[in-house]
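This report refers to the structure that appears directly beneath it.
Residue numbers (the working numbering): 8 to 96.
Below, the structure is given as structure tokens:
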């Protein structure tokens, strides 16, 4: 599943938070590869095996949460909602 709550996007969000200070390049590249794969499924949903995610706009289970996380990866001013961040530290 591609959703933010318990799908691929949520997994990426958690891995980013846990490994944000990781210096192992292989781990960082693996996360980036995984993220790029998820983005390609959003951009070209015909490649996705789970099109149900694209049928809802809900934040945690639908496309809006996926788009938010993609945006958050590009703009570090956006907060990680899975960590319940209230402000950037």
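Glycine included, each C-beta is placed from N, C-alpha and C at the ideal position.
Since we're looking at a predicted model, the values are computed, not measured.
No Cβ-Cβ contact shorter than 7 Å links residue 19 with residue 40. Rounded to whole angstroms, residue 13 and residue 75 show a C-alpha spacing of 15 Å. In the three-state DSSP reduction, residue 64 falls in the coil class, being neither helix nor strand. Secondary structure at residue 35: helix, using DSSP grouped into helix, strand and coil. Separation of residue 34 and residue 80 (C-alpha to C-alpha, rounded to the nearest whole angstrom) is 16 Å.
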